[in-house]
DNA sequence: ACGTCGTACCGTACAACATACGGTAGAGGT
DNA sequence: ACCTCTACCGTATGTTGTACGGTACGACGT
């Protein structure tokens, strides 16, 4: 259940080349996808069931299947839909462009955390996904990198952003559900003599002590730290090409 | 359903401070976790059901609940179990240590792809998870970074590795299921005039052309590319501290 | 205006899931 | 020999995606 549908079944829907007409109910692909996205934003991807989507549209469950072959195709449509915000190209030099894209991607993941539950790689090239891919590559255009290097650099940034967003998003939803940092350490209390054993785990013990005094870095600054390091590393390669 | 159990319910199991005795069936926490891991390795996390685990152990489904409060706790136990390979510390300078850890983490994700479906952040500090955290920090010890910087650097590497592994793992399982690269582009064929439209998506069009001639970079070299860039970036910071 | 047909829409049914609940039988203590 | 505790399990419930077989409505030919 955790893979994309065949592009063959998703692409005609993504590009709307096989849209079925609506009769009296106003049911269209667009309406179904919109309802699904709203539900997912509000209550998570787990709340997106064929029943819940149909109910929100005031329609029988099985009616959805007239317009969408199944749930996987609905997921593919939802993904392409929320990438609509990646239309216009960012300004500045390659570094600013990459940073802007990374931050926008991170923000999109935080706005639609269910994106992180979907398969990560190779979604079908719908209109908005294609536009985003084009924009990502354009950010590195004119740097003297080869096509393969551009692809690898985009992939590296994408991987980092994906991972970082996943950690931050989970922390955020944990916090919302009362399973936050405080609760986490409270529950650990009876086991801290095992976890912070200075014999067994000396570095963790010491760093935990020091971090307690320094104050913890939050996810935002941790993201900026990693993004900065990665861009410095890519800049090093670009500099060596010139 | 997609969150960790309360650490309060997982920790006694993780540290085996509340193990129930087995009667005639040989049922223990360890046996249950081992069976679950084997099923997940073979057929994915989706195949790990209370029924399938019980069946593999020759035991009634509900008997598992004597030893494990629920499925979430089982997930937490599975995670800690496969981190047992992170015991010994890697050799070399900080750079080699970090690279070795990153590669080992990536390999673990590829060996146990279901790890990527579990929540990413803040698993309960079981014995092996704690050991891994200690080892990660130790890799950056003696570099002159502050505790907060060490944490951020570990987090950055972890995020990148997690994301990269997620992409690579999905590509691998897609390939295994006959949904590989070849099939992907075959299915796209009827839509390539839309996807590679040089008017709408000029950079994607050009890079796709060039990459066709250069040959595609695989996931392994893409991983090494990103790891190298990230380590160069971290090295830049360390150099500035000295 | 009327008959006919394609299909948008939907009610019911089924298999798979986690797990609540209430037993049962067998091991260990006295 | 008897009692008690609990490891083990059968059954039942609510939820999921979706297969299957209708039904009734919009459009079109005459």
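Residue numbers (my numbering), protein chains in the order written: chain C, 1 to 242; chain L, 1 to 242.
Just so it is clear, CB atoms sit at the ideal spot from N, CA and C, and this is done for glycine as well.
(message) Taking 8 angstroms as the threshold (C-beta atoms), are residue 100 of chain L and residue 207 of chain C in contact?
(response) Not in contact: residue 207 of chain C and residue 100 of chain L (Cβ atoms no closer than 8 angstroms).
(message) Between residue 171 of chain C and residue 112 of chain C, how many whole angstroms is the CB-CB distance? I'm expecting something under 8 angstroms.
(response) Contact check for residue 171 of chain C and residue 112 of chain C: beta-carbon distance about 16 angstroms, past the 8 angstroms limit, so the pair fails to qualify.
(request) Can you tell me which of L:126, L:177 and L:239 puts its alpha carbon nearest to the alpha carbon of residue 192 of chain C? (result) That would be L:126, whose Cα lies nearest to the Cα of residue 192 of chain C.
(request) Mind reading off the beta-carbon distance from residue 313 of chain C to residue 139 of chain C? Whole number of angstroms is fine, and I expect it under 8 angstroms. (result) Coverage of chain C is limited to positions 1 through 242, which leaves residue 313 of chain C absent and any answer about it impossible.
(request) Measure the Cβ-Cβ separation of residue 5 of chain C and residue 72 of chain C and say whether it is below 8 angstroms. (result) In this structure, residue 72 of chain C lies closer than 8 angstroms to residue 5 of chain C by Cβ.
(request) Give a yes or no on whether 8 angstroms exceeds the smallest Cβ distance from residue 184 of chain C to chain L. (result) Residue contact check for residue 184 of chain C against chain L: a CB pair falls below 8 angstroms.
(request) May I have the straight-line CA-CA distance separating residue 105 of chain C from residue 62 of chain L, to the nearest angstrom? (result) Spanning the alpha carbons of residue 105 of chain C and residue 62 of chain L requires a straight line of approximately 44 angstroms.
(request) Kindly indicate the opening and closing residues of the alpha helix (DSSP H) around residue 82 of chain L. (result) First-last of the alpha helix (DSSP H) with residue 82 of chain L: 71-82.
(message) Check whether the stretch 161-179 of chain L and the stretch 151-161 of chain C touch, using three or more Cβ-Cβ pairs below 8 angstroms as the test.
(response) At 8 angstroms Cβ cutoff, the stretches touch.
(request) Give the single residue among C:145, C:120 and C:167 whose Cα lies nearest to the Cα of residue 120 of chain L. (result) Residue nearest to residue 120 of chain L within the set C:145, C:120 and C:167 is C:167 (criterion: CA-CA distance).
(request) Mind listing the chain C neighbours of residue 230 of chain L? Cutoff is C-beta to C-beta under 7 angstroms, in chain order. (result) Those within 7 angstroms of residue 230 of chain L in chain C are 229, 230 and 233.
(request) Compare the Cα-Cα distances from residue 217 of chain L to each of C:15, C:68 and C:149 and report the closest residue. (result) The closest CA to that of residue 217 of chain L, considering only C:15, C:68 and C:149, is found on C:149.
(message) Does the CB of residue 166 of chain L have a neighbour CB from chain C at under 8 angstroms?
(response) Taking Cβ atoms only, chain C reaches closer than 8 angstroms to residue 166 of chain L, which makes this a yes.
(request) Taking only beta-carbon positions, decide if residue 194 of chain L is within less than 8 angstroms of chain C. (result) For residue 194 of chain L, the nearest beta carbon of chain C is closer than 8 angstroms to its own beta carbon.
(message) Tell me the rounded alpha-carbon separation between residue 134 of chain L and residue 210 of chain C.
(response) Their backbone Cα atoms lie some 14 angstroms apart in a straight line.
(message) Check whether chain L comes within 8 angstroms of residue 163 of chain C, counting only Cβ atoms and requiring the distance to be less than that.
(response) Among the residues facing chain L, residue 163 of chain C is included, as its CB has a counterpart in that chain under 8 angstroms away.
(request) Step through the CB atoms of chain C and report whether any lies within less than 8 angstroms of the CB of residue 109 of chain L. (result) At least 8 angstroms separates the CB of residue 109 of chain L from every CB of chain C.
(message) Which residue marks the beginning of the alpha helix (DSSP H) containing residue 114 of chain L, and which one marks its end?
(response) First-last for residue 114 of chain L: undefined, no H or E at that position.
(request) My understanding is that residue 122 of chain L touches residue 184 of chain C, with C-beta atoms under 8 angstroms, so please give their C-beta distance in whole angstroms. (result) 6 angstroms between Cβ atoms; contact.
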